[in-house]
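S.K.: Residue numbers (our numbering), protein chains in the order written: chain A, 18 to 137; chain B, 18 to 137.
Just so you know, even glycine gets a beta-carbon here, dropped at the ideal spot from N, CA and C.
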DNA sequence: TCGTAACGACTACAAACGTAGTCAATTGGG
DNA sequence: CCCAATTGACTACGTTTGTAGTCGTTACGA
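1. Out of 90(A), 89(A), 50(A) and 18(A), which one is the CA nearest neighbour of residue 64(A)?
2. Can you pull out the residues from the region 53 to 74 of chain A whose beta carbon lies closer than 9 Å to at least one beta carbon of chain B?
3. What separation, rounded to the nearest whole angstrom, lies between the Cα atoms of residue 80(B) and residue 92(B)?
4. Secondary structure at residue 77(B), three-state DSSP: helix, strand or coil?
5. In whole angstroms, give me the CA-to-CA distance for residue 68(B) and residue 37(A).
6. Compare the C-alpha of residue 116(A) against each of 123(B), 89(B), 58(B) and 98(B) and name the closest.
7. Residue 87(B) lies in the alpha helix (DSSP H); which residues open and close that run?
8. Nearest by alpha-carbon distance to residue 84(B): which of 35(B), 136(B), 135(B) and 41(B) is it?
9. At a Cβ cut of 9 Å, what residues of the region 101 to 113 of chain B count as close to chain A, listed as they run along the chain?
10. Whose Cβ in chain A lies nearer than 8 Å to the Cβ of residue 91(B)?
11. How many angstroms separate the CA atom of residue 100(B) from the CA atom of residue 46(B)?
12. By a C-beta neighbour count over all protein chains shown, 10 Å radius and 16 as the cutoff for buried, is residue 124(B) buried or exposed?
13. How would you write the range of the alpha helix (DSSP H) that residue 40(B) sits in, first residue to last?
14. Indicate the three-state DSSP secondary structure (helix, strand or coil) for residue 120(A) in the structure shown.
15. To which residues of the same chain is residue 17(A) closer than 6 Å at the C-beta, ignoring the five residues directly before and after it?
16. Measuring alpha carbon to alpha carbon, tell me which of 108(A), 51(A), 40(A) and 49(A) ends up nearest residue 58(A).
17. Here's a check: name, in chain order, each residue in its chain whose Cβ is nearer than 6 Å to the Cβ of residue 78(A), leaving out the five neighbours to either side.
18. Which residues does DSSP pair with residue 82(A) in a beta bridge?
19. Measuring alpha carbon to alpha carbon, tell me which of 86(A), 94(A), 72(A) and 76(A) ends up nearest residue 21(A).
20. Out of 121(B), 98(B) and 106(B), point me to the one whose CA is closest to residue 106(A)'s CA.
21. In this structure, does DSSP put residue 125(A) in helix, strand or coil?
22. Step through the CB atoms of chain A and report whether any lies within less than 8 Å of the CB of residue 20(B).
23. Does any CB atom of chain A fall closer than 8 Å to the CB of residue 46(B)?
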């Protein structure tokens, strides 16, 4: 299940707001990305073909919702990314994130809690 | 500076082994990826065009070396990835990594050390 | 009631990507 | 000394991706 960056923008709107139509998707990404409604429909169509979205008729239009869970997709993508960029090692990735944008105090707290869990 | 996944394989070999020619690159990724030497040369050519590699004549051939630092590229890619997939939050990413492949004990130790640093 | 706007289905099209092939020059090994 | 193998330069080509356009239909607002 290959999702391109542009398609991911659509998925993100639908994960946040499942069961909406193409024009609502357009509203959902307003200001973020300004795509022509046809562009959005093309991307949505491709996602449906790929099986990443399910459709549900609503009058003469369709409503869409993700067929895959956001968390599942994130997990797979994260693994792929770490494998490709860091040879599978997570620590260097976190180090870079810490360096480049500064993890927020909240992030750091989250990570600490996470490590506590992992050590058990 | 946009580097595709296939090109990244080349870059990885050159980051590990700067100043080699196309056939050495082929050797460098043997077994990992089995590309035709022409494919490798095409990818290398594209990287040179993009300014990601510098060339140095060596007899009737060229030696190549990265024009950008691995760490710099990793950092930029990591930031982009986290922004696109996780809305910029690093903690969920690490949580997924922990869940999906199990961080090694070594990873966990590294992360702990890192957090110690960050809290200062 | 009538036309304009929105919808789905289909088509378009250039750039990027992955994966090589051709050609002409050159050089190292037998 | 000569030929097969290697090299750089250029070309090829199908697929994917980003970004829309066209067409025929339909439904709502004036």
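M.R.: With the given structure in hand:
1. 18(A)
2. none
3. 26 Å
4. coil
5. 44 Å
6. 89(B)
7. 87 to 103
8. 35(B)
9. 101, 102, 103, 104, 105, 106, 107, 108, 109, 110, 111, 112 and 113
10. 102, 103, 109, 110 and 113
11. 30 Å
12. buried
13. 39 to 45
14. coil
15. Outside the shown range of chain A (18 to 137) lies residue 17(A), about which nothing can therefore be said.
16. 40(A)
17. 38
18. 71(A)
19. 94(A)
20. 121(B)
21. helix
22. no
23. no
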